[in-house]
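A.B. asks: So that we are looking at the same thing, I have put the structure below in structure tokens.
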Amino acid sequence: MPERKLHTSRRFGGIVKPLLLGSIASFAIVLLVTFGLERAEDHRWLGLPWVQADPENVALRALIINAIQLGLLCLRLLFRGYDVISKRLRRRYNILYSVLLLLSYLGLVLKYFSGPTAEALAQISGLVGLVGIPATLYGMYLLVIIYRRVENRLEDAEEMSVRYYNQLITDSLTGLPNRILFQDQLTAKLAEVHKKRKRLAVLFLDLDRFKFVNDTLGHRMGDLLLQAVVRRLQGVLQTGETLYRLGGDEFIIVAEFEQKSDGVERANFLLREMEEPFWIEEHELFITTSIGLSWYPDDGEDTETLFKNADMAMYRAKDHGRNNVQQYESVMNVHAVERLQLEKDLRKAIERGEFRVYYQPQIDIETGQMIGMEALVRWQHPERGMVSPGLFIPLAEETNLIVPIGEWVMRTACEQTKRWQDAGYPPIRVSINLSAHQFAQPTLVSKVRAVLEETGIEPQYVDLELTESITMTNVDRAISTMLELSSLGLQISIDDFGTGYSSLSYLKKFPIHTLKIDQSFVRDITKNADDAAIATAVIAMAHSLNLNVIAEGVETEEQLEFLRERRCNEYQGYLCSRPLPAAEFENLLASELQMRT
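Residues 1 to 597 in full-length UniProt numbering are what the sequence shown lists, from first letter to last.
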């Protein structure tokens, strides 16, 4: 809606627009006082990122997003003095002249106004408040006159107020309160819980791999998924809890709890709720959530600190494998700085060629022969030395650097495998991991085809590994992509099986050749009955579907014997060999060649 002028007098050119002060919609007359300018048109508009309005750092939030544009008064009017403005306002709106004049005078004298808030002034007078803004740009300063109740309002003023107010504080896609209202309401809530001496939790929710949905199905489907997420969360909100959308796939829930354990339990409940599939226009989508918690007053006593700390805790949850809850700890501040530096180094590592491909053998359990190898990326940092994959791979995925890194690994592994085959070593397959971001690339199949053609490796010696969660994010799209890859003659494996959502009904549709049992189930198969039962069931299920089974992380003879008894096909792990650089792995190939001849 265009700006509504107070009236058409040439002597008054201010504008009236609603603004958010605290959580109350008010009107504001914004006057820009300019000195040293010949014509008002020289600086018609001025945008300020924010304006300090009170000692508690509560800003006039409308100014943040240009909800209020600053209109110029005619210089001729301004130079006649504030008494003219006061009379105009008094005549038009019946505002108490004496109060306005007094406050206007204070605003002029106290250039750096640091007294009561405009909200407080409005309450004292019942009608008007004023805030003086320091002169910082071009010798200008502002008078912001906030009034609540006037006897003669503009036509449609209430309707306009509601419309602008809703636009200011509401997320247009989901209808949730947005970041602006979150900041204002949390500030008010902190004052309330301080009096009650209660704990307040800020839960920062971030959807895992939401970008994958956008990349594969488009932004429209992503928007529909966000709306479905909001409906689900709203359906489980408890009394006193408030849900906000910050933007993108980030949400905040603010709630009071008696004990921290209650808040953690609540966050884990939300995780479980989000694990259930979403049906969006006949697409079954699986998406998980990472949640970070910060607590008032332990982790911060103001809105900004609590938000920042909840954000850091959420990223810690991402680093710990996603789909989990992490509470803020002070050490996270150090980790956040280290993370920023690591990201900078990671970008340079691609240019500097600091990555290496290591290979880990895969052994046939019955014959003991090496029949495959997995290509694993390693980062040789010039100062840190070998950086743990658990540290840099999540960061690479988050920054999308995993795509160029993954493409480099695929080409390098295929080239090396072909060289070994040409050198006369036993022709074994190489397993290469595909990240979620790679799998979502529309050019994936053409890039894989190009690598096969350029390296000359035969496709039956290449096995592409997909994690279970990648295949289940969008089953239909995953099946289509896997069929295209299979048509090239490649093998496809499901990695980390048992950690996601797969069921027999989906597995039988996937054009896959191998299931890999995650090492978390293998580690204690000889000690833990549950792990033993899971591993036994996975092997039996895979065989019923005519799939090959590889057990990861085998470290002891007892584990190997357990797997042999249950007819697991292959294993890899430290029992055979740790991952090795190409030069050392070649020695294993030489030994394998001797054994076979």
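Just so you know, even glycine gets a beta-carbon here, dropped at the ideal spot from N, CA and C.
1) How many whole angstroms separate the CB atoms of V377 and V403, which I take to be in contact at a CB cut-off of 8 Å?
2) If we ignore side chains and look at the alpha-carbon of each, how far apart do A529 and G456 end up?
3) List the whole-angstrom C-beta distance separating L346 from F392, where the pair is believed to meet the contact cut-off of C-beta under 8 Å.
4) Spatial neighbours of G406 within its chain, please: C-beta separation below 6 Å, excluding the five flanking residues on both sides.
5) Among M472, L205, E366, which has the Cα closest to the Cα of E276?
6) How many Å lie between C568 and I365 at the Cα?
7) Can you tell which of K189, A440, D249 has its C-alpha closest to the C-alpha of T216?
8) Out of R245, M482, I525, which has the shortest C-alpha to C-alpha gap to L176?
9) Where does S330 sit, in a helix, a strand or coil, going by DSSP?
10) Please report how far the alpha carbon of T288 lies from the alpha carbon of L483, in whole angstroms.
11) Could you compute how far the alpha carbon of I517 sits from the alpha carbon of A535?
12) Just to confirm the assignment: which complete beta strand (DSSP E) runs, minimum length 3, are found wholly within the UniProt domain "GGDEF" (198-330)?
13) Any contact of the stretch 204-211 with the stretch 257-264, i.e. 3+ C-beta pairs under 8 Å?
14) Tell me I494's beta-bridge partners as DSSP assigns them.
15) Taking the alpha-carbon positions, what's the G306 to W295 distance?
16) Quick check on the DSSP output: the beta strand (DSSP E) that includes F355 runs from which residue to which?
17) Contact between the stretch 579-594 and the stretch 344-361: three or more CB pairs below 8 Å?
18) Under a three-way DSSP split, which group does E565 fall into?
19) Which one or two residues does DSSP pair with Y571 in a beta bridge?
20) Kindly list the residues whose CB is nearer than 7 Å to the CB of T417, restricted to its own chain and excluding five residues on each side of it in sequence; keep chain order.
21) Using C-beta distances below 7 Å, list every residue in its chain close to N214, excluding the 5 sequence neighbours before and after it, in chain order.
22) Does DSSP classify G456 as helix, strand or coil?
23) Kindly indicate which residue of A201, L563, G248, S480 has the alpha-carbon position closest to the one of T303.
24) Going by alpha carbons, who is nearest to D298 out of N333, E284, K260, S520?
25) Assign H219 to one of two classes, buried (16 or more other C-beta atoms within 10 Å of its C-beta) or exposed (fewer than that).
26) Candidates L515, V522, D531: which alpha carbon is nearest L545's?
27) By the DSSP assignment, the beta strand (DSSP E) with R378 in it spans what residues?
28) Would you say the stretch 232-239 touches the stretch 307-321, given that touching needs at least three Cβ pairs under 8 Å?
29) If we ignore side chains and look at the alpha-carbon of each, how far apart do R339 and P394 end up?
30) Pull up the CB-CB distance for N178 and D184, whole angstroms please, since I reckon it's below 8 Å.
31) With residue 657 as the anchor, note down where its beta strand (DSSP E) starts and where it stops.
32) Which value, in whole angstroms, describes the spacing of the CA atoms of L493 and G390?
33) Since L580 sits in a beta bridge, which residues does DSSP pair it with?
34) Would DSSP call R384 helix, strand or coil?
35) Assuming M274 contacts S290 under a Cβ cut-off of 8 Å, what Cβ separation, rounded to an integer in Å, is found between them?
36) Using DSSP with H/G/I as helix, E/B as strand and the rest coil, what is S435?
C.D. replies: So, from the data block:
1) Contact doesn't hold; Cβ gap of about 13 Å is too wide.
2) 46 Å
3) 6 Å
4) S435, Q438
5) M472
6) 7 Å
7) A440
8) R245
9) coil
10) 26 Å
11) 7 Å
12) 199-207, 242-247, 250-257, 278-280, 283-285, 289-296, 325-327
13) no
14) L466, L515
15) What sits at residue 306 in the sequence shown is Leu, not Gly. Their backbone Cα atoms lie some 7 Å apart in a straight line.
16) 355-364
17) yes
18) helix
19) I363, A551
20) V430, I457, Y461
21) G222
22) coil
23) A201
24) K260
25) exposed
26) L515
27) 370-381
28) no
29) 11 Å
30) In fact, because the Cβ distance is near 10 Å, the residues do not count as touching under 8 Å.
31) Examination of residue 657 is not possible in this model, given that the chain is present from 1 through 597 alone.
32) Reading the sequence as shown, one finds Ser at residue 493 and not Leu. Distance between the alpha carbons of S493 and G390 is about 21 Å.
33) Y359
34) coil
35) Contact doesn't hold; Cβ gap of about 10 Å is too wide.
36) coil
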